[in-house]
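In the numbering used here, the protein residues as written are 10 to 266. Positions of the beta carbon are idealized from the N, C-alpha and C atoms, including for glycine. These figures come from a predicted structure and were not determined experimentally.
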Ligand SMILES: [Zn+2]
């Protein structure tokens, strides 16, 4: 099921300097397999894993038909995939994360995004790969399996709202809220949303970076919604989004309130 191919090592990576792996960051490439492979092995960025799309033309013409995962950087080394980023109280996620790039031809045309669906085979392989990673790094917690937009919401939109985080959770990977807790918070917040200073604190408690201004506050809401409420990711503060955030904190940070 999980075939890992190490044919194409990246050139750009360095030492973790003793940092343990704490997070997994999921990305989309926004480019076909062939050019993604070139970029990630030869151009100053890299990732530990590249997961192709089995139906994408450049993967077929590279001679592959079965879906395999390409390991470009050893997990003991640091790859250059997250850039300026923050999670769980610390900046620069690269030094303690594993990066997975998924081939997906998402487009950003002047801020207007097109997010194609992921192939079901990609998701099956992603689940197998994440299980494999988590078994080898048991210190990675449920809330530490994140998207690039979670750790860099002020500049990134990947892996986008089509990544089925709830499906991953049902397969035992990553975090999801408890539906009853969400309903209870929704009832409470119908009487009035928490103050923004409280919402700010709740986001940081879960792991997100502080929002430096109003625009960042909305970008972070959008990133959170793409992950946990993909039906509407306009970045508006609403009852359901607040309820999900509080339900997550109650479940995972033992500091919900
Ligand atoms: Zn990315």
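CA-to-CA distance, residue j to residue i, given in whole angstroms
{"i": "residue 64", "j": "residue 160", "result": "29 Å"}
{"i": "residue 223", "j": "residue 231", "result": "13 Å"}
{"i": "residue 168", "j": "residue 201", "result": "32 Å"}
{"i": "residue 11", "j": "residue 130", "result": "11 Å"}
{"i": "residue 54", "j": "residue 21", "result": "6 Å"}
{"i": "residue 280", "j": "residue 16", "result": "With the chain represented from 10 up to 266, any question about residue 280 goes unanswered, as that position is not in the structure."}
{"i": "residue 122", "j": "residue 69", "result": "26 Å"}
{"i": "residue 92", "j": "residue 103", "result": "7 Å"}
{"i": "residue 45", "j": "residue 193", "result": "44 Å"}
{"i": "residue 258", "j": "residue 72", "result": "46 Å"}
{"i": "residue 42", "j": "residue 112", "result": "6 Å"}
{"i": "residue 206", "j": "residue 110", "result": "34 Å"}
{"i": "residue 152", "j": "residue 50", "result": "29 Å"}
{"i": "residue 24", "j": "residue 101", "result": "14 Å"}
{"i": "residue 86", "j": "residue 183", "result": "23 Å"}
{"i": "residue 76", "j": "residue 228", "result": "34 Å"}
{"i": "residue 188", "j": "residue 256", "result": "8 Å"}
{"i": "residue 47", "j": "residue 142", "result": "24 Å"}
{"i": "residue 38", "j": "residue 28", "result": "26 Å"}
{"i": "residue 214", "j": "residue 14", "result": "38 Å"}
{"i": "residue 225", "j": "residue 241", "result": "18 Å"}
{"i": "residue 249", "j": "residue 138", "result": "31 Å"}
{"i": "residue 59", "j": "residue 36", "result": "10 Å"}
Residues bridged to residue i (per DSSP)
{"i": "residue 38", "result": "DSSP lists no partner for residue 38."}
{"i": "residue 121", "result": "118"}
{"i": "residue 110", "result": "36, 59"}
{"i": "residue 155", "result": "34"}
{"i": "residue 13", "result": "78"}
{"i": "residue 100", "result": "95"}
Residue-level contact to chain D via CB, residue i, 7 Å cutoff
{"i": "residue 128", "result": "Absence of chain D from the displayed structure is noted, only one protein chain being present."}
Own chain partners of residue i with C-beta closer than 7 Å, once the 5 adjacent residues on each side are dropped
{"i": "residue 218", "result": "95"}
{"i": "residue 203", "result": "251"}
{"i": "residue 191", "result": "252, 253, 256"}
Other residues of its chain near residue i: CB distance less than 6 Å, five sequence neighbours each side excluded
{"i": "residue 178", "result": "185"}
{"i": "residue 237", "result": "253"}
{"i": "residue 90", "result": "56, 108"}
Cβ neighbour criterion (16 or more within 10 Å) applied to residue i
{"i": "residue 221", "result": "exposed"}
{"i": "residue 170", "result": "buried"}
{"i": "residue 243", "result": "exposed"}
{"i": "residue 105", "result": "buried"}
{"i": "residue 211", "result": "buried"}
{"i": "residue 116", "result": "exposed"}
{"i": "residue 97", "result": "buried"}
Cβ-heavy atom distance, residue i to ligand 3, below 6 Å
{"i": "residue 95", "result": "Absence of ligand 3 is noted for the structure shown, with ligand 1 being the only ligands found."}
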